[in-house]
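Encoded as structure tokens, the structure appears first; notes follow it.
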DNA sequence: CTTGCTATTACAACATATCGCAACAGCGTG
DNA sequence: CACGCTGTTGCGATATGTTGTAATAGCAAG
């Protein structure tokens with residue numbers, strides 16, 4: 001896989017425009033003096049076949065399927081680089097694990113029910129209230145893509161009206 | 173719920189009231205058929221001397237100072253139990269690591285600047301907008317104590333010219 | 001005080017992510 | 001096309017949590 005610069009033909013990739021986005025990866029790396037290596041090429045390929053969210057471990061796993069010699073640290077480091085280029089974004093799942101978003105999805109955050117484990121996307125509209133409050137109050141610019149909100153969804157709240165909440169201890 | 177009104181806080185010293193909260197830990201455990209062990213006693217003691225936020229690793233570390241034979245898994249499992257009792261809450265720092273809140277602090281979330289690394293608390297007021305939007309829109313009850321918002325704080329945003337049009341170049 | 005049920009612990013193996021460092025390799029140059 | 005600067009990789013070590021399991025010990029009953 002010594003793709004010496006003269007092989008512009010991206011092997012039979014699906015005719016999808018998304019590919020264009022990733023096709024620029026190499027150029028973007030070059031533009032910053034970074035390199036286009038087999039490992040990076042592979043990860044970009046995997047990402048190109050991905051949509052939505054993926055955990056870091058999942059990406060490592062998929063890369064391993066293509067190349068069993070894949071090293072985790074390389075994958076994580078490459079993801080850092082791609083994030084710097086704006087090709088991916090990461091957030092943290094409800095359990096704190098890394099979770100990557102493949103761009104260019106609509107910017108969104110996540111909602112996670114701690115009771116049933118389901119999760120949904122949060123659009124800019126719903127987060128606007130918080131964003132404005134933080135912006136006006138502190139000039140803080142919220143990063144919606146990194147936002148994960150935990151709580152209890154409607155169905156679960158309705159299913160278990162009375163929970164063993166001991167919080168908010170009424171003292172004295 | 174067992175409203176133990178047997179110890180109506182002999183309010184001698186203001187600081188002592190915090191101790192009372194932890195003093196009930198044993199009773200609360202018993203009330204659920206759980207046990208009061210040296211390990212739990214130690215962790216509760218450590219938590220009693222803590223305020224604000226602590227990472228799991230930090231707690232493990234402090235317990236180790238009191239008892240070098242402390243095992244991490246025991247600490248984490250005990251924290252889970254204490255969380256079920258409502259004595260502590262956990263969230264995830266910007267890097268996804270566990271972060272515990274010792275109650276009864278005012279319920280709050282966290283704000284973290286990805287540029288300078290500083291962080292602040294978010295009060296119920298600021299989060300109200302989001303909470304209401306999620307509640308009205310989906311009947312979702314947000315858990316503010318588990319909320320961590322990432323973004324760029326005012327000073328950092330001011331220090332760096334606007335480049336949001338390009339691929340957000342998040343250094344690091 | 002002894003006994004017994006079972007919640008808890010210690011410990012080891014795993015899982016996920018990061019870091020240090022020496023060897024390697026991409027790619028611009030001569 | 002070889003050279004060499006420097007970005008990258010491989011890989012072991014480390015950090016932080018999680019989980020399985022046999023052995024231990026809290027606590028209440030007898």
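Chains as they are written, first to last, in my numbering: chain A, 1 to 172; chain B, 173 to 344.
Heads up, the beta-carbon is just placed ideally off N, CA and C, and yes, glycines get one too.
- With a beta-carbon spacing of about 6 Å, residue 89/A and residue 83/A fall inside the 8 Å limit used to define contacts.
- Annotation for residue 109/A: the continuous beta strand (DSSP E) segment containing it runs 109-113.
- The alpha helix (DSSP H) runs lying completely inside the segment 198-236 of chain B and spanning 4 residues or more are 210-220, given in chain order.
- Short of 7 Å from the beta carbon of residue 87/A, and not among the five residues preceding or following it, lie these beta carbons of its own chain, in chain order: 25, 103.
- Assignment of beta strand (DSSP E) within the segment 238-302 of chain B, counting only whole runs of 3 or more residues, yields 260-264, 270-274, 281-285, 291-294 in chain order.
- Rounded to the nearest whole angstrom, the C-alpha separation of residue 61/A and residue 200/B is 44 Å.
- In the DSSP annotation of this structure, the continuous segment of the alpha helix (DSSP H) that includes residue 326/B starts and ends at 326-331.
- Using a 10 angstroms sphere on the CB of residue 113/A, the tally of other CB atoms reaches 16 or more, which defines it as buried.
- Note: residue 151/A is bridge-paired with 113/A, 314/B in the DSSP secondary-structure output.
- Annotated as proximal: residue 100/A and residue 53/A, with beta-carbon spacing under 9 Å.
- Comparing C-alpha distances from residue 48/A to each of 59/A, 22/A, 71/A shows the shortest one belongs to 22/A.
- Taking a Cβ-Cβ threshold of 7 Å, the residues of chain B close to residue 141/A are 323, 324, 329, in chain order.
- Cβ contact annotation for residue 155/A (same chain, cutoff 8 Å, sequence separation greater than five): 116, in chain order.
- Comparing alpha carbon positions, the residue from 311/B, 304/B, 238/B closest to residue 212/B is 238/B.
- Neighbourhood of residue 129/A in chain B, by CB distance below 8 Å: 300, 301, 302, 304, 305, in chain order.
- For the set 257/B, 246/B, 290/B, the Cα lying nearest the Cα of residue 203/B is the one of 257/B.
- Proximity of chain A to residue 290/B at the Cβ level (cut-off 8 Å) is not reached, the minimal Cβ distance being about 10 Å.
- By the CB criterion at 9 Å, residue 34/A and residue 294/B fall outside the cutoff.
- By the 16-neighbour rule on beta-carbons within 10 angstroms, residue 51/A is exposed.
- Among the CB atoms of chain A, none fall inside 9 Å of the CB of residue 245/B.
- Taken atom to atom, the span from the alpha-carbon of residue 292/B to that of residue 118/A is near 29 Å.
- Nearest to residue 96/A by alpha-carbon distance, out of 150/A, 81/A, 45/A, 127/A, is 150/A.
- The beta carbon of residue 316/B sits closer than 8 Å to those of 279, 280, 281, 294, 296, 299, 303, all from its chain and outside the five residues before and after it, given in chain order.
- Nearest Cα to residue 263/B within the set 310/B, 309/B, 314/B: 314/B.
- A straight-line Cα-Cα distance of about 25 Å links residue 230/B and residue 56/A.
- Excluding residues up to 5 positions away in sequence, 63, 64 lie with their Cβ nearer than 6 Å to the Cβ of residue 70/A in the same chain.
- Against chain A, a Cβ distance below 8 Å from residue 205/B picks out nothing, because the smallest value is about 13 Å.
- Among the residues of the segment 91-110 of chain A, those with a Cβ less than 7 Å away from any Cβ of chain B are 92, 96, 97, 98, in the order of the chain.
- Against residue 241/B, chain A offers no close residue; the least beta-carbon distance is about 27 Å (beta-carbon pairs closer than 9 Å).
- Against chain B, the CB of residue 125/A has a partner CB under 9 Å away; the residue lies at that interface.
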